[in-house]
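Step one of this worksheet: look at the structure below.
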Amino acid sequence: MVMTHYMELLASNQPWNLILFMVIPVGLAEALVATEFFTVYLKDQKESAWRSWNKYLGIVVGFYFTGVFLYLMVNVVPTIEWRGFADVLAVGAYLSGVIPLLSIALLELGVIGKGKSEREHMKLHFILLIGFLVVSHVAMIFGMVDPTITGWNQSQNSGQMMNHGNMDSMHMNK
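In the numbering used here, the protein residues as written are 40 to 213.
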């Protein structure tokens, strides 16, 4: 079966790529969502432990994913021979996750949104978090699509076949 580069990246160099590019960033983002719920639920307690965890997680996931983004943009994206619309959309959506996640980190550090009230800050945090959830789900959905379904013809593109054992451009230990 032919895969998008998104799925190929996660399937290569097992289990490290899966852990580094999916488990850690998505796990941190899901923890951020959970702490967001508790922060809102316990809003009467201004300095709750949930708010502290939420702030910490927002900073960590923002900078972690920025590192992932930079690594992929330098080491992987330049070597990609695109496999059609689904491939471009999956990789593009995944990489675009850096915008909301880095923005959350900068918001938590006070670099952006300085003059905002607590409520406006929370609203922006929600919007950014929802933005990440949307693009990450688009990446996952289109990443699982067989690129031939969206019109890519493997025989017209340098005969490129999937070979999980020979994915040097996507391995962490180049």
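All C-beta atoms in this analysis are idealised placements derived from N, C-alpha and C, irrespective of residue type, glycine included.
Residue i, buried or exposed, once every other Cβ within 10 Å from all chains shown has been counted against 16
{"i": "Val-162", "result": "Strictly speaking, residue 162 in this sequence is Lys, with Val absent from that position. Result: exposed."}
{"i": "Phe-171", "result": "buried"}
{"i": "Leu-140", "result": "buried"}
{"i": "Leu-13", "result": "The structure shown does not extend to residue 13, since the chain is modelled only from 40 through 213, so no value can be given for it."}
{"i": "Met-183", "result": "exposed"}
{"i": "Met-112", "result": "exposed"}
{"i": "Val-174", "result": "buried"}
{"i": "His-176", "result": "exposed"}
{"i": "Arg-158", "result": "exposed"}
From the options, residue whose alpha carbon lies closest to that of residue i
{"i": "Gly-136", "options": "Ile-151, Asn-114, Val-116 and Ile-169", "result": "Ile-169"}
{"i": "Val-127", "options": "Pro-64, Lys-82, Phe-181 and Val-41", "result": "Phe-181"}
{"i": "Lys-94", "options": "Glu-120, Phe-76 and Tyr-110", "result": "Phe-76"}
{"i": "Ala-16", "options": "Ile-98, Leu-134, Leu-59 and Arg-122", "result": "One cannot answer for residue 16 here, as it falls past the ends of the chain, which runs 40 to 213."}
{"i": "Val-99", "options": "His-176, Glu-147, Gly-190 and Thr-43", "result": "Glu-147"}
{"i": "Val-116", "options": "Ala-125, Trp-191, Tyr-45 and Thr-189", "result": "Tyr-45"}
{"i": "Gly-106", "options": "Asp-83, Phe-60, Glu-120 and Ala-132", "result": "Phe-60"}
{"i": "Thr-189", "options": "Gly-149, His-164, Ala-50 and Gly-123", "result": "Gly-123"}
{"i": "Val-191", "options": "His-164, Lys-155, Ile-151 and Trp-121", "result": "For the record, residue 191 in the displayed sequence is Trp; it is not Val. When only C-alpha atoms are compared, the closest one is Trp-121."}
{"i": "Lys-104", "options": "Val-65, Gly-154 and Ser-194", "result": "The sequence given here places Phe at residue 104; Lys does not occur at that position. Per the Cα distances, Val-65."}
{"i": "Ala-125", "options": "Gly-149, Thr-118 and Asp-185", "result": "Asp-185"}
Sequence-distant residues of its chain with Cβ nearer than 6 angstroms to residue i (five each side left out)
{"i": "Phe-102", "result": "Ala-144"}
{"i": "Trp-92", "result": "Thr-74"}
{"i": "Leu-167", "result": "Pro-139, Ser-142 and Ile-143"}
{"i": "Leu-57", "result": "Leu-49"}
{"i": "Trp-132", "result": "Here residue 132 is Ala; the residue named in the question, Trp, does not match the sequence. Excluding residues within five positions, the ones whose Cβ falls inside 6 angstroms are Val-174, Val-177 and Ala-178."}
{"i": "Ile-151", "result": "Leu-145"}
Neighbourhood of residue i by C-beta, 7 angstroms cutoff - its chain only, sequence neighbours within 5 removed
{"i": "Leu-96", "result": "Leu-67, Ala-70, Leu-71 and Thr-74"}
{"i": "Ala-129", "result": "Thr-43, Tyr-45, Ala-178, Phe-181 and Gly-182"}
{"i": "Trp-89", "result": "Thr-74, Phe-77, Thr-78 and Leu-81"}
Contacting residues, own chain, Cβ-Cβ under 8 angstroms from residue i (five flanking each side not counted)
{"i": "Ser-87", "result": "Phe-77, Thr-78 and Leu-81"}
{"i": "His-160", "result": "Leu-146 and Gly-152"}
{"i": "Thr-187", "result": "Val-41, Gly-123 and Gln-193"}
Where are the alpha helix (DSSP H) runs, 4 residues long or more, that stay fully inside the segment 69 to 130, in chain order? 88 to 114
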